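Engineer: Submitted below is the structure of interest, expressed as C-alpha cells.
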C-alpha cells in the first residue's frame, strides 16, 4: 500500500506479528472484504523519545491504546520514532555509572525492564521505518501519512516543534488528540512560542479542562477528549499475570516523583497490608527506589505491570495513568496527590476523578486509610462516563467527525 506513495521517506514498519494479525481481523470485520479497502494512514507523534529512555508504563500504554483504537475504527496507525536532539552531559553519564556501581542488582533489573519496553514495541506496535534524531531530518525527509496526530500525554509540556506537527506539509491533515500541557497554566513565553503552531492544527482536542482554557487564550477552539488508555477495555490489553502470581501480590503500588515516605503514607500502607494479610509490591522506578525497600520492589515488563494490576485487590498510586488503569481493571484504589515541584500535575488527576464521579478515591488525612480504601465504588456511573467518552473519541477521530 505504501510503496507507490513513499518514494523519498522511510516506510512505516507494520511487521509486528501481533499488529498485522489484529489489523487483518479488524479489516475483515469492518468491511467484509478481507482488508482490501484502502485505509487511512495515521502517523502519531507521542512520547517515543521519553518512553525508550525511561520507565513509565502509562506513556507507553496510552500510545498502544490510541493505535489499537484507530485500528478498531478501520484505520492504520504508526508511531513516529523521534528521539530528539538531546545529548547526555558527562556529569549525567558519570552519575548513572555511579548508580550502577553502588546498586548493581537494582541497576540490572532496571536495564532488563527498559529492554522489555523495546520488546513490547517490537511485538505490538507499528513504527516509522526511520528513527529521526534531529528536527531537521524530520523536515527534510518527513514520514508520509494521510493524517498526522499529536497526543496524548504531555506532548505540549514544552516547545518541542515536532510535538506541534510543525514538520508536516501545510496541505496535510493535522489533528491533536487529548494533548496535554501537563499543568494548569503555561508561561507567557511558552504561549507566545506555540500559539501559531497550535492554530495551524485543524482539529484540536485536549485532555484536561485547563487545556481548553489555555487554548482559548491562544485563540484556539479546543474540545476535551479522554486519555487514550480509557478507550480500551482491560481485555484489549496484553496482560501477563505470571510475575504477579509468582509474587502473590495483592496490594500493588505505582508511585512517581516522591522524595519522602510521608507523601505516600508508606508506613500506613504497610500496616494496612499486614492487617489484611496481603503481600505488597511496588513498581521499581528511580524515585520509588529511594523510599520503598528492595524486598517490596518489582521491575515488570509492560505486560507484567498490567498483570500486577489484574492480580491486585488493592491499588495505591499518585500518578495519572496509575489511576487510569486502576479504573480500567475495576480495582479498589486510593490516590495520593503529588507534592513539591510536580504538584502542578495534580490537576489532571483531579479532573479525571471529577469526570468519573470518583473524587472520594482521593486520600484525605482526616480519615483512616483503610476506611477510605474499603469505601464502595459506584462503577456504573464511571462506566457510563467512559462509554460516552469513547463514543465522542470515535466521532472525533473518524472521517465523519472531521478528524
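In the working numbering, the protein residues as written are 61 to 463. Cβ coordinates follow ideal geometry from the N, Cα and C atoms, glycine included. Since the structure is predicted, the reported quantities are computational estimates derived from the model, not experimental observations.
Would a C-beta distance cut-off of 8 Å place residue 315 and residue 324 closer than the cut-off?
Structural biologist: In this structure, the beta-carbon distance from residue 315 to residue 324 falls below 8 Å.
Engineer: Determine, using beta-carbon pairs with one atom in the segment 104 to 114 and one in the segment 267 to 285, whether at least three such pairs fall under 8 Å.
Structural biologist: no
Engineer: If residue 363 and residue 298 are in contact, beta carbons under 8 Å, what's the gap, nearest whole angstrom?
Structural biologist: 5 Å
Engineer: Extract the residue ranges of the alpha helix (DSSP H) inside the segment 386 to 453, only unbroken runs of 4 or more that lie entirely within it.
Structural biologist: 406 to 415, 429 to 433
Engineer: Just checking residue 188 against the ligand FMN - is the residue's beta carbon closer than 7 Å to any of the ligand's heavy atoms?
Structural biologist: For the structure depicted, the ligand FMN is absent and the ligand set is empty, with no information on it obtainable.
Engineer: Return helix, strand or coil for residue 144, following the three-state DSSP convention.
Structural biologist: coil
Engineer: Among the candidates 413, 381, 376, whose CA atom is the shortest distance from the CA of residue 396?
Structural biologist: 376
Engineer: Of the choices 394, 130, 142, whose alpha-carbon is the least far from that of residue 410?
Structural biologist: 394
Engineer: Who are residue 139's beta bridge partners in DSSP?
Structural biologist: Note: residue 139 sits in a beta bridge opposite 104, 187.
Engineer: Rounding to the nearest angstrom, what Cα-Cα distance links residue 222 and residue 138 in this structure?
Structural biologist: 15 Å
Engineer: I think residue 254 touches residue 224, with their Cβ atoms under 8 Å apart; what is that distance to the nearest whole Å?
Structural biologist: 6 Å
Engineer: List the endpoints of the continuous alpha helix (DSSP H) containing residue 348.
Structural biologist: 346 to 349
Engineer: So, at 8 Å on beta carbons, what are the nonlocal neighbours of residue 430 in its own chain, with the 5 sequence-adjacent residues on each side left out?
Structural biologist: 332, 335.
Engineer: In the DSSP assignment, the alpha helix (DSSP H) including residue 273 goes from what residue to what residue?
Structural biologist: Note, residue 273: alpha helix (DSSP H), 269 to 277.
Engineer: Please classify residue 457 as buried or exposed, where buried requires at least 16 other C-beta atoms within 10 Å of its C-beta.
Structural biologist: It counts as buried.
Engineer: Find the nearest neighbour of residue 361 within the set 310, 170, 126, judged by alpha-carbon distance.
Structural biologist: Checking every option, the nearest Cα to that of residue 361 belongs to 170.
Engineer: Report the residue from 330, 318, 322 whose alpha carbon sits nearest the alpha carbon of residue 349.
Structural biologist: For the residues 330, 318, 322, the minimum Cα distance to residue 349 belongs to 318.
Engineer: For the segment 230 to 242 against the segment 189 to 208, are there 3 or more C-beta pairs whose distance is under 8 Å?
Structural biologist: Yes: at least three Cβ pairs fall under 8 Å.
Engineer: In whole angstroms, give me the CA-to-CA distance for residue 180 and residue 436.
Structural biologist: 35 Å
Engineer: Which residue from 448, 190, 433 puts its Cα closest to that of residue 440?
Structural biologist: 448
Engineer: Could you check the C-alpha separation between residue 215 and residue 266 for me, to the nearest Å?
Structural biologist: Cα atoms of residue 215 and residue 266: separation of roughly 10 Å, rounded to the nearest angstrom.
Engineer: Skipping 5 residues on each side, what residues in its chain have a beta carbon closer than 8 Å to that of residue 277?
Structural biologist: The answer, listed in chain order, is 251.
Engineer: Cα separation between residue 352 and residue 309?
Structural biologist: 15 Å
Engineer: Starting from residue 310, follow the beta strand (DSSP E) in both directions and report where the run begins and ends.
Structural biologist: 309 to 314
Engineer: For residue 438, count neighbouring C-beta atoms within 10 Å of its own C-beta (all shown protein chains included) and say buried if the count is 16 or more, exposed if not.
Structural biologist: exposed
Engineer: With residue 142 and residue 192 assumed to form a contact (beta carbons below 8 Å), what rounded beta-carbon distance in angstroms separates them?
Structural biologist: 5 Å
Engineer: Does the beta-carbon distance from residue 102 to residue 136 come in below 8 Å?
Structural biologist: yes
Engineer: So who's on the other strand from residue 284, going by DSSP bridges?
Structural biologist: 266
Engineer: How is residue 339 classed by DSSP in three states: helix, strand or coil?
Structural biologist: strand
Engineer: Identify, in the order they occur along the chain, each residue of the same chain with its Cβ nearer than 8 Å to the Cβ of residue 89, setting aside the five sequence neighbours on each side.
Structural biologist: The predicted model places residue 89 with a pLDDT of 43, which falls under 50 and marks its position as unreliable; any figure quoted below should be read in that light. Counting only Cβ-Cβ distances below 8 Å, and skipping sequence neighbours, we find nothing.
Engineer: Under a three-way DSSP split, which group does residue 261 fall into?
Structural biologist: The three-state reading of DSSP puts residue 261 in coil, since its state is none of H, G, I, E or B.
Engineer: Buried or exposed for residue 425, going by 16 or more other Cβ atoms inside 10 Å?
Structural biologist: exposed
Engineer: Are residue 343 and residue 326 close, meaning C-beta to C-beta below 8 Å?
Structural biologist: Their beta carbons are not under 8 Å apart, which means residue 343 does not touch residue 326 by this criterion.
Engineer: Checking the sheet assignment: what are the DSSP bridge partners for residue 207?
Structural biologist: 102, 233
Engineer: Judging by CA-CA distance, which residue of 412, 406, 403, 404 is the nearest neighbour of residue 386?
Structural biologist: 412
Engineer: Kindly indicate the opening and closing residues of the alpha helix (DSSP H) around residue 492.
Structural biologist: The chain is shown only over 61 to 463; residue 492 falls outside these bounds and no answer can be derived.
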